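Just below is one structure, and these are the notes that go with it.
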Amino acid sequence: MKVYLVGGAVRDQLLNLPVKERDWVVVGSSPDELLQKKFRQVGRDFPVFLHPETNEEYALARTERKSAPGYYGFSCDFSKQVTLEEDLARRDLTINAIATDEQGQLIDPYNGQQDLKDRVLRHVSPAFVEDPVRVLRVARFAARFHYLGFKLAEETRSLMYTMVKRGELTHLVAERVWQEWQQSLEEKNPEQFIWTLRSCGALGVILPEIEALFGVPNPYRYHHEVDSGIHSLLVLQAAVALTNDPIVRFAALVHDLGKALSPMDNWPSHHGHEERGVTIIQSLCTRLRIPNDYRNLAVMVSRFHLNIHRLFELQAVSIVKILEQSDAFRRSSLFYNMLIACQADAEGCGKTVNYHQSKLWGYLLTECAKVNTKAIVAQGYEGETIKQVLHQRRVACVELILNSWKANEK
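Numbering-wise, UniProt numbering puts 77 at position 77 of the sequence shown, and it's gapless, one number per residue.
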């Protein structure tokens with residue numbers, strides 16, 4: 001029995017990056033032998049075991065053969081005769097198909113080290129086309145390593161295009177699509193996930209809601225980048241600079257989905273795209289089973305982003321109405337995250353902006369929240385009247401702040 005460190009741990013060591021977790025391959029062993037050594041089996045479809053002391057994953061070396069369409073259409077051989085080279089051959093990219101033995105010697109049968117040096121994402125073998133998840137994984141690695149200068153090999157892009165044309169991506173399950181997309185949102189360049197999928201024709205299959213934005217024009221006076229798809233990716237990049245929170249980044253990316261449904265006769269105007277976007281976001285989140293915390297913020301940003309931008313044009317009563325409709329007084333953290341996404345939207349318009357709206361909206365919320373409901377009750381108000389008086393006092397609070405701000409501006 002021989003044990004090898006494989007995959008991401010070896011790759012990240014060679015890139016001088018922190019190693020977050022280590023995976024091992026066991027050659028020349030069997031499930032019974034590992035169980036006797038007190039390993040705990042966790043894999044159902046193929047033998048994966050947890051080390052009794054380190055809790056790290058150890059998998060028996062295996063080969064995979066395509067036996068049916070889709071993600072699960074594989075038959076596996078994990079007998080003792082499977083070699084390390086055969087196990088590495090089934091991996092997606094050459095940079096992930098490098099191993100080290102117990103003495104620290106590198107085993108690199110598919111030239112992964114050279115591709116690391118050349119900053120290339122390249123498939124290991126033609127068998128790449130057998131697993132549709134690999135298209136998503138390559139896009140995620142593009143998002144992860146773009147800042148290091150990694151590019152996708154054209155022959156790999158060609159294989160991904162072939163997979164799209166064959167319809168392999170229609171077999172992807174919603175949970176896996178979201179898993180890879182969500183992980184990409186945590187990377188330094190999540191926009192590369194979208195660009196990579198689009199470059200091989202996969203975006204229209206996997207995320208048609210985003211693909212539909214490309215080619216939809218924006219008014220030049222607001223958007224120097226003009227194209228709605230490009231704008232959305234610029235907004236995502238701006239969000240990356242503002243926050244590490246993938247929930248905010250997601251909301252920033254999808255805030256303009258409603259523009260894809262704007263009547264072409266009205267282009268480049270997109271009146272009403274906010275509520276149209278809410279409908280699309282709800283459908284997208286249901287289809288991919290995206291968690292509610294992502295859904296809730298994305299819906300809020302889509303619905304309110306134009307009014308957030310137009311703060312200095314609004315009357316006090318409208319401002320309070322927005323604060324109340326967005327539930328800002330009860331869910332202030334959600335509101336503040338919306339402000340971050342809206343700032344990203346403003347900064348993703350192809351021009352430099354000073355987004356004073358964010359600070360002032362935050363101040364208005366803080367001051368309006370100080371209006372004391374208990375004091376209103378103590379003054380003898382009852383029932384619906386309490387709500388009305390609370391609203392009126394919040395409006396008065398906002399008017400006072402706006403008058404002070406306008407005086408300072410003069």
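Positions of the beta carbon are idealized from the N, C-alpha and C atoms, including for glycine. Remember, predicted model here, so these are calculated numbers, not experimental data.
| said: Check for me: the beta strand (DSSP E) holding Tyr4 runs from which residue to which? | reply: 2-6
query: What is the residue span of the beta strand (DSSP E) that Val26 lies within?
result: 23-27
Give me the DSSP bridge partner(s) of Gln322. Sequence inspection shows Ile at residue 322; the Gln mentioned does not correspond to that position. The partner list for Ile322 (beta bridge, DSSP) is empty, contrary to what the question assumes.
_Would Trp24 and Glu56 be called neighbours here (beta carbons separated by less than 8 Å)?_
Less than 8 Å divides the Cβ of Trp24 from the Cβ of Glu56.
What separation, rounded to the nearest whole angstrom, lies between the Cα atoms of Val19 and Ala99? Near 14 Å, if we compare the C-alpha coordinates of Ala99 and Val19.
> Does the distance from the CB of Arg122 to the CB of Thr162 come in under 8 Å?
Replying inline: no
Who are Val226's beta bridge partners in DSSP? In the DSSP secondary-structure assignment, Val226 is not bridged to any residue.
Does the count of Cβ pairs from the stretch 131-140 and the stretch 186-197 closer than 8 Å reach three? yes
Does the contact criterion of 3 or more C-beta pairs under 8 Å hold for the stretch 303-315 versus the stretch 262-279? yes
Any idea what DSSP makes of His123, helix, strand or coil?
Of the three classes helix, strand and coil, the one that applies to His123 here is strand, per DSSP.
query: Do three or more CB pairs link the stretch 391-408 to the stretch 339-351 at distances below 8 Å?
result: no
Three or more C-beta pairs under 8 Å: does that hold for the stretch 283-300 against the stretch 250-263? yes
Using C-beta distances below 6 Å, list every residue in its chain close to Trp267, excluding the 5 sequence neighbours before and after it, in chain order.
Pro217
**Q.** Beta-carbon proximity of residue 426 to Val120, cut-off 8 Å
**A.** Any property of residue 426 remains undetermined from this structure, which presents the chain solely from 1 to 410.
query = Which ranges does the beta strand (DSSP E) cover as unbroken runs of at least 3 residues, wholly within the stretch 156-207, from first to last along the chain?
reply = none
Gln103 (DSSP reduced to helix, strand or coil)
coil
Notebook entry, point to check: For Leu261, which residues from the same chain have a beta carbon less than 6 Å from its beta carbon, with the 5 sequence-adjacent residues on both sides left out?
Noted result: When the five nearest sequence neighbours on each side are left out, the beta carbons in the same chain lying within less than 6 Å of the beta carbon of Leu261 are those of Arg276, in order along the chain.
Handout entry: Residue range of the alpha helix (DSSP H) that includes Leu60
Key = From DSSP, Leu60 is part of no alpha helix (DSSP H) but of the beta strand (DSSP E) over 57-60.
query: To the nearest whole angstrom, what separates the beta carbons of His281 and Ser302, a pair I think is in contact under 8 Å?
result: The sequence given here has Ile at residue 281, not His. At roughly 6 Å, the Cβ-Cβ gap stays under 8 Å, so Ile281 and Ser302 are in contact.
Determine whether the beta carbon atoms of Glu209 and Ala143 lie at a separation below 8 Å. no
| said: Can you give me the C-alpha to C-alpha distance between Gln36 and Lys2, rounded to a whole angstrom? | reply: 16 Å
Contact check, Ala378 vs Phe329 under 8 Å by CB: the rounded distance? 19 Å between Cβ atoms; not a contact.
Rounded to a whole number of angstroms, what is the C-alpha to C-alpha distance between Ala212 and Leu15?
-> 37 Å
(Q) Tell me which residue opens and which closes the beta strand (DSSP E) that Phe49 is part of. (A) 48-50
*Residue burial classification, Phe312 (beta-carbon count within 10 angstroms, cutoff 16)*: exposed
Handout entry: Pair within 8 Å by beta-carbon distance, Arg289 and Glu175
Key = yes
Using only the alpha-carbon positions, how far apart do Glu130 and Gln315 sit? 59 Å
In angstroms with no decimal places, state the Cα-to-Cα distance between Trp178 and Gln103.
39 Å
Quiz item: Straight-line CA distance for Pro246 to Leu236?
Solution: 10 Å
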